[in-house]
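Engineer: Structure provided below as structure tokens; questions to follow.
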Amino acid sequence: MNVDKAVLTFAGFVVLLSLALGLYVSPYWFLLTAFAGLNMIQASFTGFCPAAMVFKKLGLRSGNAFS
Numbered sequence: 171m172n173v174d175k176a177v178l179t180f181a182g183f184v185v186l187l188s189l190a191l192g193l194y195v196s197p198y199w200f201l202l203t204a205f206a207g208l209n210m211i212q213a214s215f216t217g218f219c220p221a222a223m224v225f226k227k228l229g230l231r232s233g234n235a236f237s
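Under my numbering, the first residue of the sequence shown is numbered 171, with each subsequent residue one higher.
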């Protein structure tokens with residue numbers, strides 16, 4: 171797995187988890203969904219993604235988007 175796939179997998183997991191928590195625990199969890207979406211938009215314009223930096227430090231190989 172490369173960094174790009176790991177970031178997409180992590181973002182999808184965060185969105186689905188926050189949607190489930192928002193439905194079953196508290197609507198405030200929907201703010202995490204909004205944060206994940208805003209972070210994905212920001213990363214698409216700037217190329218800066220904190221999750222990508224963490225995955226690189228964990229030893230995953232670089233991909234095309236986050237090299």
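Idealized CB from N, CA, C, for every residue including glycine.
1) Are the beta-carbon atoms belonging to Val-185 and Gly-207 less than 9 angstroms from one another?
2) Starting from the Cα of Thr-216, find the closest Cα among Ser-188, Ser-237, Gly-182, Leu-230 and give me that residue.
3) Tell me, which residues are paired with Asn-172 by DSSP?
4) Can you tell me where the alpha helix (DSSP H) holding Phe-200 begins and where it ends?
5) Does the separation of the CB atoms of Ala-235 and Ala-181 fall below 9 angstroms?
Structural biologist: In brief:
1) In this structure, Gly-207 lies closer than 9 angstroms to Val-185 by Cβ.
2) Checking every option, the nearest Cα to that of Thr-216 belongs to Ser-237.
3) DSSP, once it has assigned bridges, lists Arg-231 as partnering Asn-172.
4) Run containing Phe-200: 200-216, per the alpha helix (DSSP H) assignment.
5) Cβ atoms of Ala-235 and Ala-181: not closer than 9 angstroms.
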